[in-house]
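Single-structure report; data block below.
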Amino acid sequence: MAAMPAAAPALALRDAAFGYQGVTRVEHLSGDLPAGSAVALIGPNGSGKSTLLRGILGLAELTSGEIEVLGQSPRHARRLVGSLPQADSRDTTLPVTLRHVVTMGLYRSLGPVRPVGASGRRAVSEALARVGLADFAGRRFGELSGGQQQRGILARALVADPQLLLLDEPFNGLDRENREVLLSLVQELRAEGRTIIVSTHDLEIAKRACTHVLLLASGHTPTQPGHPAAFGSLDEALTLEAVAHAFQDTTVELDHHTVTTSRELE
Ligand SMILES: Nc1ncnc2c1ncn2[C@@H]1O[C@H](COP(=O)(O)OP(=O)(O)OP(=O)(O)O)[C@@H](O)[C@H]1O
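Under the numbering used here, think of the first position of the sequence shown as 24, with each following residue one higher.
See below:
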């Protein structure tokens, strides 16, 4: 019997670098991310977490190296990728309902002029139920609490049934209840075989919901790009040494120990 072809990695990076207007902001990224894994993307402010996520979406420039997303270029893979941007990049003043916001997640696969139809409406209702907001569909988005808005945007990311999900600091500013809801949702989505990349400052979340970790360190000066401090399975890559390399003079928590790391400038 012929062997089944191995599934393409969800993300393949070959010495990839990303940036804006020709200026590299994060570099030397290499590795294959297995389909169905959950990766915690961890690093200090400015190390390039959001830039990498935008690179996967084809929104930041690939300034060198190679990237494949689900075996394709970022642009071709785009309709298979769901994204939850950072909360502070959201416009909450638009007079739209939560249902409308979630429906926007279908536009990429439908095209802007195609009607949503019964199956689209069903998908929107299912996505809203999944994040626990079925009763809020008709509410104005801007009037929801921060945690509810976050879950609404997650429903928007889920409505088109993505294979790869990118979550940019989704736990920031959430209270305990919303945080637990989101954590179990991440675990559930992964159990369904989706691949998840979640950027976070919180090592506890990495430990509870993720299989792999990519630690980014910032450059020594603001103009130097960020770079990986470690990449691999959670157990191998999330070590105190790697965390200390990535974070300079920062207090972090690992295994319920609070550690202040410091790194001598090379
Ligand atoms: N649109 C942009 N144009 C030019 N430079 C940018 C842009 N977005 C981010 N940068 C720069 O790229 C570098 C990496 O920023 P990025 O937002 O990716 O880091 P981050 O690790 O996500 O940080 P944080 O934890 O603060 O969100 C920073 O020096 C930042 O100033």
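All C-beta atoms in this analysis are idealised placements derived from N, C-alpha and C, irrespective of residue type, glycine included.
What you are looking at is a predicted structure, and each value in this text was computed from that prediction instead of being measured.
With 16 other Cβ atoms within 10 Å as the buried cut-off, status of residue i
i, result
"H99", "exposed"
"Y43", "exposed"
"A214", "exposed"
"A253", "buried"
"A33", "buried"
"G71", "buried"
"S10", "Past the boundaries of the shown model lies residue 10; the chain is included only from 24 to 289, so the question cannot be answered."
"P290", "No answer is possible for residue 290: it lies beyond the span of the chain, which begins at 24 and ends at 289."
"N68", "exposed"
"A240", "buried"
"L212", "buried"
"H243", "exposed"
"E200", "exposed"
"A157", "exposed"
"S73", "buried"
"R144", "exposed"
"F41", "buried"
"E166", "exposed"
"P290", "A question about residue 290 goes unanswered here, because the residues of the chain that appear run from 24 up to 289."
"R102", "exposed"
"E264", "exposed"
"A178", "buried"
"G78", "buried"
"A260", "buried"
"A183", "buried"
"L141", "Going by the sequence as given, residue 141 is Ala instead of Leu. When all chains shown are included, A141 counts as exposed."
Rounded Cβ spacing between residue i and residue j (contact assumed at less than 8 Å)
i, j, result
"A150", "V119", "Actually they are not in contact, since the Cβ atoms of A150 and V119 sit about 16 Å apart, beyond 8 Å."
"I228", "A63", "7 Å"
"A232", "V209", "4 Å"
"A269", "L238", "4 Å"
"L189", "L117", "In fact, because the Cβ distance is near 22 Å, the residues do not count as touching under 8 Å."
"P185", "R217", "7 Å"
"L121", "F159", "5 Å"
"S54", "G249", "The sequence shown places Gly at residue 54, rather than the Ser named in the question. Contact doesn't hold; Cβ gap of about 15 Å is too wide."
"L52", "L75", "7 Å"
Identified DSSP bridge partners for residue i
i, result
"A61", "I219"
"Y130", "For Y130, which the question treats as bridged, DSSP gives no partner whatsoever."
"Q95", "V92"
"T47", "G42"
"P251", "L239"
"L76", "DSSP lists no partner for L76."
"S256", "H235"
"L188", "G105, I219"
"S87", "A40"
"T120", "R163"
"L52", "A39"
"L34", "L56, V92"
If we count Cβ pairs, one from each stretch, closer than 8 Å, do we get three or more for the segment 59–68 versus the segment 165–176?
-> no
Touching or not, the segment 33–46 and the segment 85–92, by the rule of three or more beta carbon pairs under 8 Å?
-> yes
Cβ pair count under 8 Å reaching 3, the segment 217–224 against the segment 187–205 = yes
Taking three-plus beta-carbon pairs below 8 Å as touching, is the segment 116–134 in contact with the segment 199–206?
-> no
Which residues are close to ligand 1, meaning CB closer than 6 Å to any heavy atom, in chain order?
-> Y43, R48, G66, N68, G69, S70, G71, K72, S73, T74
How about the segment 43–53 and the segment 102–111: do they share at least three Cβ pairs that are nearer than 8 Å?
-> no
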